[in-house]
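J.: Below you'll find the structure I mean.
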Amino acid sequence: MKKIEFSSSLPNLKIALTGTIGIGKTTVLNKVLSHLNEQPFGFRTVPIIKESALKGFEIVNLRTLEKGTIGYFDENFVIRPIIDSFETVGVKALHDALQYGKAIVMDELGFLEKEALRFKEMVFKVLESDKLVFYVVKSELNEFLENTLKKADSIFEVSKENRDTLPEEIWRYVWDYMKTSSKT
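0 is the number of the first residue of the sequence shown in numbering that gives the first Met the number 0; add one for each residue after it.
Below, the structure written as structure tokens:
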């Protein structure tokens, strides 16, 4: 696969990845990003593991590596959101991405941010920007997630059957888009 270099004219393209839990959405995204000559900005959500047990999730700003816990499991193993981390670390990550990034990553959007109004506003600012945006969306849709998918130029559903070939398919899509848009 060819590495894509960006000039001053960036592809204004929004690419969403979706699929069931554990199917490989982030793995596909990582393979796609490995062919990018630019450092993407934005955020990732990562599991918090303690003593071999999943305790919650945190959001990581890809520019500063600042982290904040966005959800934790209570004693009944019910996930409890922490809105403040979305509204601080998450909003800053997306602000940084809009200011400094040529490519933006949002991995992943889900249900924990339901009450994080400023964060959700920033998600839509990113999706309405002139940047190349890759974002991962949980398969359990709600109104917020459905509205983010409406902003996508293309939605790729990750499955067991396509997860090995999907990164190349996505780059072919980006490459073809860049070639077509440079002719206009």
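Just so it is clear, CB atoms sit at the ideal spot from N, CA and C, and this is done for glycine as well.
1. Is the separation between the beta-carbon of residue 156 and that of residue 101 shorter than 8 Å?
2. How far does the alpha helix (DSSP H) with residue 117 in it reach, from first residue to last?
3. Taking all protein chains shown into account, do 16 or more other C-beta atoms lie within 10 angstroms of the C-beta of residue 48, making it buried, or fewer, making it exposed?
4. Since I believe residue 61 is in contact with residue 41 (beta carbons under 8 Å), could you give me their beta-carbon distance rounded to a whole number of angstroms?
5. Residue 27 by DSSP, collapsed to three states: which one?
6. Please name the residue or residues paired with residue 43 in a DSSP beta bridge.
7. Give the straight-line distance between the Cα atoms of residue 121 and residue 94, rounded to the nearest whole angstrom.
8. Confirm, please, whether the CB-CB distance from residue 108 to residue 144 is below 8 Å.
9. Quick check on the DSSP output: the alpha helix (DSSP H) that includes residue 92 runs from which residue to which?
10. Cα separation between residue 125 and residue 154?
11. Between which residues of its own chain and residue 27 is the CB-CB distance below 7 Å, once the five residues before and five after are set aside?
T.: On the basis of the supplied data:
1. no
2. 116 to 126
3. exposed
4. 5 Å
5. helix
6. 59 and 106
7. Approximately 7 Å between the Cα atoms of the pair.
8. yes
9. 90 to 99
10. 16 Å
11. 16, 157, 162, 165 and 166
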